[in-house]
Structures are given as C-alpha cells and as structure tokens.
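Numbering (the numbering used here), first residue to last: 18 to 171.
Every residue, glycine too, gets a C-beta built ideally from N, C-alpha and C.
Worksheet: one structure, shown below.
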Amino acid sequence: MKWRYLILLVLLFGFKTNGLWAQTPVVYELGLKGSAGKLAKDSSVTVTDSLYADANYSAKRQAYSSRNRVILRIDPVVYKALPASFTATVQVKIDYTTPSGNSSTTRNLTLRYRADSTYTNSFIYQFQGGTSVTVKVLDRTTDASAGIWSSLEL
Numbered sequence: 018m019k020w021r022y023l024i025l026l027v028l029l030f031g032f033k034t035n036g037l038w039a040q041t042p043v044v045y046e047l048g049l050k051g052s053a054g055k056l057a058k059d060s061s062v063t064v065t066d067s068l069y070a071d072a073n074y075s076a077k078r079q080a081y082s083s084r085n086r087v088i089l090r091i092d093p094v095v096y097k098a099l100p101a102s103f104t105a106t107v108q109v110k111i112d113y114t115t116p117s118g119n120s121s122t123t124r125n126l127t128l129r130y131r132a133d134s135t136y137t138n139s140f141i142y143q144f145q146g147g148t149s150v151t152v153k154v155l156d157r158t159t160d161a162s163a164g165i166w167s168s169l170e171l
C-alpha cells in the first residue's frame, strides 16, 4: 500500500519536472492609460518577451510562437459616465522584432460605442511572431469631447 503512494508521488513529481505545465502562456500586458494622460500623441510603450531573450531557452527558439495583440478599449477600472455614443480612432505605428528580423506597420484602431445597442468595448489588432513590440501613438481623433480619452486605454 505504501508503495502505491510512493509511485504516485514519483509520477506526479516526474511529470511536473518534465515540463508538463511548461506550456502555460506567458502574458505581458503594458499599456497607455488615458486616465493617467498616457494615451496621447507621440506616447509609446514597448513590451519585450524576456524569456525569448534568455539563453536558457535558446534550444526552444525554433519552435517558439507568440501571438501579439494591440487593443484599444474602454478602461474597465475607470468609472466615468460615457456619452450616449462616440467614435474614437487611434493611429498607431507598431514596430516589432521577430526571429527572422524586424517589421513595422501602421494601423487605425477604431472604437465605436453606442449606449442604445450592442457594442464591442475594444478593437483588437492581432499578429504573430513579435518578441519585442513597440507601439507609438501617431494621432488620435474622436467625435466626443476631449475628456473621452481618460476613459480609454491602449
């Protein structure tokens, strides 16, 4: 009976040390909060995957895959009354490093809010392979008052 428990413990410990749980995704989340005045023209943020740069992981780099997202959304922690409807667009330049080199793209992220209908509280631009990503705000426009930016984040 004691041997069964010992074998079970060895198996569980062996699975854990063999990296069974090593497939858990790593999430890096940094942003430009409008409530802090950071969602402004010429503001930027850089996110770098420190695990990819770590020499201990060099053997796994060929199979490495990352999914990247740049999200413009209504900040869920800001409790501020929103207008009945508004549209906000942020033009961003996205520079990113992939295992095969550097890339860059410019995108317009547009958020359309309507209080009287179903709406999406975010606009998501997705791409793959970025191990270091810099997002810079080139321009921003809205049909609401300038105060709306304090309710948004990138």
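By DSSP's criteria, residue i is part of a beta bridge. Which residues make up the other side?
i: alanine 105; result: Leu128 and Thr159
i: serine 120; result: Tyr113
i: valine 5; result: Residue 5 lies beyond the residue range present for the chain, which begins at 18 and ends at 171; the question has no answer from this structure.
i: leucine 169; result: Ile91
i: lysine 50; result: Glu170
When burial is assigned at 16 or more other CB atoms within 10 Å of the CB, is residue i buried or exposed?
i: threonine 148; result: buried
i: tryptophan 38; result: Only weak support exists for where tryptophan 38 lies, its pLDDT of 42 falling under 50; the value from the coordinates is given anyway. Exposed, because fewer than 16 other Cβ atoms sit within 10 Å of the Cβ of tryptophan 38.
i: aspartate 133; result: exposed
i: valine 150; result: buried
i: serine 83; result: buried
i: asparagine 85; result: buried
i: tyrosine 130; result: buried
i: arginine 157; result: buried
i: glycine 51; result: buried
i: valine 152; result: buried
i: aspartate 92; result: buried
i: serine 117; result: exposed
i: valine 94; result: exposed
Is the beta carbon of residue i within less than 7 Å of some heavy atom of the ligand PLP?
i: threonine 127; result: Of ligands this structure carries none, so the ligand PLP is not represented either.
Terminal residues of the continuous beta strand (DSSP E) containing residue i?
i: tyrosine 142; result: 139 to 145
i: valine 94; result: Segment: none, valine 94 is in no beta strand (DSSP E) and carries neither H nor E.
Taking CB distances under 8 Å as the criterion, tell me whether residue i reaches chain C.
i: lysine 58; result: In summary, chain C is missing from the structure at hand, where a single protein chain is found.
- Item | Sufficient close CB pairs (3 or more, under 8 Å) joining the stretch 136 to 153 to the stretch 102 to 111 | yes
- Task: Check whether the stretch 57 to 66 touches the stretch 116 to 125, counting contact only when three or more Cβ pairs, one atom from each stretch, lie closer than 8 Å.
- Result: no
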